[in-house]
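If you read the sequence shown in our numbering, its first letter stands for residue 151, the second for the next number, and so on. Heads up, the beta-carbon is just placed ideally off N, CA and C, and yes, glycines get one too.
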Amino acid sequence: MPRIDGARLIADLKRMAEFGRYKTGVHRPMLSQPDIASRHWLAERMQEAGLEAVIDGVGNVIGRRPGDGPRLLVGSHSDTQPRGGWLDGVMGVIYGLELARAFRDDSALADVGIDVASWADEEGNFLSFLGSRSFVGELDEAEIAGARGRDDGATLPEALARCGLAGRPRLAIEPGRYAGYLEAHIEQGGYLESEGLRIGVVTSIVGIRAYRVAFTGTQNHAGTTPMPIRRDAGVALVRFCNRIYERFAELSGPRTVWTVGKIELQPGAPSIIPGRAEMMLQFRDADAAVLDRFEAAVHALAAEMNAAGPCPVELERTSDTAPTIMDAGFQKALADAAEAELPGGWMRMPSGAGHDAQILAHKLPAGMLFIPSIGGVSHHYSEDTAEADIVLGCQVFADAAARILRTG
Ligand code: HGY
Ligand code: MN
Ligand code: MN
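Dropping the structure here:
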């Protein structure tokens, strides 16, 4: 079985955390200066591991093992949420790099190999799952041209050009090259920790739908405009938000979640009645029928508020990622590897977070492994995992990859 080098793994993870360090976490949005610097560093490390590394036209960093023979594609994302954690995504990329080195150094595995990927913009600074969608052929040029960054509003083509990636070809999946795709990730929740377990074998990944909900009112003076004649877009947004939360609670499944993560009032001054108000609404469930029910409720409430006035509301669906079941054979390989390394110390579990694996699964058998998150915290700079869990997870992951390539 391939033996990983835990110290090398942790050292690379800590080096990556220096690209955009923010307190104990990382601020490394897609195509920011620390992000593009980290991509070049990743490409160098892949080359050192014996891979042919390329940064492609949307910023994917992909290292291919030369030669023939069965290959596994292993990866995740290295961009982060704003002021996020040091492990979300990048842990799976460095696991891939460590597996590539462990396989390279194991003569019994000379005929098989690991390709490694850091997928661009999983966190959606421009477009969620930008890189993995591009790689599987589900991203067209029009979407790229129309995407704008969260930070400075630059278009995606402008940001790619600024990073020296304009005109580069986008890499696409090579039919027949891969036995499948594996991704390791921190759980980002508290189930493993609460059960006292150290490895999660992912059974399914949640579906995610998101909407931009925008209200148009009449900007005016906060002191001289009588209440009865106001068209306050901010008040309309708050009423919509309150009512949709109540309605969703009536429609919810056991694990459905919904979030308004961003609200913007324009022009956003205390003495001005907002003329425009915008909110980002998202909801998630493993069952598409629940997502359909929620979506119908959003449209029904918007229609009701448009009929009642005074502020018209516009809906724009900004993402629709389907729930995905992980490959049964890959789940078994991960479970067998976990049981061999840590008898009884693991469990099968669903993912409440979205992952690139649910995009790669459109083209390849896909599997995921989780390790615990301390306190179940993620998408916060304090996100953390015990180093011993990080190292153990990588060894189980390497065992599972070898099992898949040996039985593939
Ligand atoms: O939001 C998610 O589930 C992922 O971390 N982007
Ligand atoms: Mn994330
Ligand atoms: Mn992630």
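Rounded to whole angstroms, the separation of the alpha carbons of asparagine 392 and isoleucine 212 is 44 angstroms. Its Cα nearest to that of glutamate 293, the residue Leu306 stands out among Asp302, Leu306 and Asp301. Ranking Phe444, Phe276 and Gly504 by CA distance to the CA of glutamate 400 puts Phe444 first. Judged by DSSP secondary structure, arginine 214 falls within the beta strand (DSSP E) whose first and last residues are 211-214. Per DSSP, the continuous alpha helix (DSSP H) segment holding glutamate 489 begins and ends at 478-491. Judged by pairs of C-beta atoms under 8 angstroms, the stretch 503-519 touches the stretch 466-474, as three or more such pairs exist.
Here proline 184 has Phe169, Gly170 and Arg178 as same chain residues with Cβ atoms under 7 angstroms from its own Cβ, once five neighbours each way along the sequence are excluded.
Comparing alpha carbon positions, the residue from Tyr328, Leu542, Phe547 and Ile186 closest to leucine 315 is Ile186. Assigned with DSSP and collapsed to three states, leucine 163 falls in helix. For alanine 457, the shortest C-beta to heavy atom distance toward ligand 1 is 7 angstroms or greater. At least one heavy atom of ligand 1 is found less than 7 angstroms from the C-beta of glutamate 272.
Annotation for alanine 503 indicates a beta carbon within 7 angstroms of some heavy atom of ligand 1. With contacts defined as CB atoms closer than 8 angstroms, alanine 250 and alanine 199 qualify as a contacting pair. Counting only the Cα atoms, leucine 542 lies some 14 angstroms from valine 351. Shortest gap from the CB of glycine 239 to any heavy atom of ligand 2: under 7 angstroms. Annotation for arginine 397: Ala447 and Leu451 place their beta carbon closer than 7 angstroms to its own, counting only its chain and skipping 5 residues before and after. Assignment of glycine 502 by DSSP, reduced to helix, strand and coil, places it in the coil class. For histidine 529, the Cβ falls inside the 7 angstroms cut-off from some heavy atom of ligand 2. At least 8 angstroms separates the beta-carbon of serine 226 from that of glycine 207. Per DSSP, reduced to three states, the secondary structure at valine 527 is coil, with no helix or strand assignment. Aspartate 265 is bridged by DSSP to Leu223. Inter-segment contact for the stretch 339-346 and the stretch 405-416 is absent: fewer than three beta-carbon pairs are separated by less than 8 angstroms. The shortest C-alpha to C-alpha distance from leucine 332 to any of Phe480, Asn210 and Leu247 is the one to Phe480. Cα atoms of threonine 374 and glycine 418: separation of roughly 18 angstroms, rounded to the nearest angstrom.
The criterion of a C-beta distance shorter than 8 angstroms is satisfied by tryptophan 496 and alanine 488. If the five residues before and after histidine 371 are omitted, its C-beta is found closer than 8 angstroms to the C-beta atoms of Ser421, Ile422 and Ile423, all from its own chain and listed in chain order. Asparagine 275 counts as buried, since no fewer than 16 other beta carbons sit within 10 angstroms of its beta carbon.
In the DSSP assignment, methionine 241 falls within the unbroken alpha helix (DSSP H) covering 240-254. Across the structure, lysine 513 and glycine 425 are spaced so that their CA atoms are roughly 45 angstroms apart.
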